[in-house]
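Residue numbers (my numbering): 167 to 380.
All residues carry an ideal CB built from backbone N, CA and C; glycine is no exception.
First the structure, in the form of structure tokens, and then the observations on it.
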């Protein structure tokens, strides 16, 4: 799901998947005296950004285990995040503890009228809420996400309000949601906020399972 390069933002994790400090709140690129240098230091060559030859205008590379920022470029500049919005959407839906077995029908209301994106889900298709969440994560499907938002208590507008409140509670000060799918340019965040969001999302077992589906 976290295909950050696709959307022009690189948020990379450089040292495995073990539990450790929140990488998004690290303040310094320097490791402590007791921290052994990881291979990422040699690969990334901190202090020489040109060695990375990044095309992305924004970049953040974090040693996840130590909570150390190895490389950063414009990490606090808000930018449109497109479908990365769906990660916040799914986290918010899971927080609501709605039945994942609820059957939802895809309707004309779920068509993407803003950008006309295609979907493998035809109108009349019925899937459970859990299946739609998985499709939204794995395939970044806008029609699946729209159906999830439409059937949220209070509808899409209510879901977006709760998403923004969740972002505030999580300390994502520069993150704003304008819709559930990420179609509108008003869906913005920073590389630092996204690193924190991705770190927190790993605490959701279903998101871990869905996002590693092949």
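Spatial neighbours of residue i within its chain, please: C-beta separation below 7 Å, excluding the five flanking residues on both sides.
i           : result
residue 366 : 336
residue 200 : The predicted model places residue 200 with a pLDDT of 35, which falls under 50 and marks its position as unreliable; any figure quoted below should be read in that light. Counting only Cβ-Cβ distances below 7 Å, and skipping sequence neighbours, we find nothing.
residue 368 : 374
residue 311 : 252, 255, 302, 346 and 347
residue 281 : 349
residue 273 : 289
By the three-class DSSP mapping on this structure, what secondary structure does residue i have?
i           : result
residue 277 : coil
Distance check for residue j and residue i, CA to CA, integer angstroms please.
i           : j           : result
residue 302 : residue 220 : 28 Å
residue 285 : residue 331 : 29 Å
residue 227 : residue 290 : 43 Å
residue 245 : residue 372 : 28 Å
residue 297 : residue 328 : 22 Å
residue 239 : residue 360 : 14 Å
From which residue to which residue does the beta strand (DSSP E) around residue i run?
i           : result
residue 225 : 224-229
residue 270 : 269-271
residue 375 : Element bounds for residue 375: not the beta strand (DSSP E) but the alpha helix (DSSP H), 371-377.
residue 239 : 234-239
Span of the alpha helix (DSSP H) holding residue i?
i           : result
residue 259 : 251-261
Leaving out five residues before and five after residue i in sequence, what residues of the same chain have Cβ atoms less than 8 Å from its Cβ?
i           : result
residue 317 : 268, 270 and 295
By Cβ distance below 6 Å, which residues in the same chain neighbour residue i in space, the five residues on each side in sequence not counted?
i           : result
residue 344 : 350, 352 and 353
residue 249 : 306 and 348
residue 315 : 322, 325 and 346
residue 242 : 356 and 358
For this session: May I have a chain-ordered list of the alpha helix (DSSP H) segments no shorter than 4 residues that lie completely inside the segment 292-365?
Result: If we require 4 residues or more, the alpha helix (DSSP H) runs fully inside the segment 292-365 come out as 295-304, 308-316 and 321-335.
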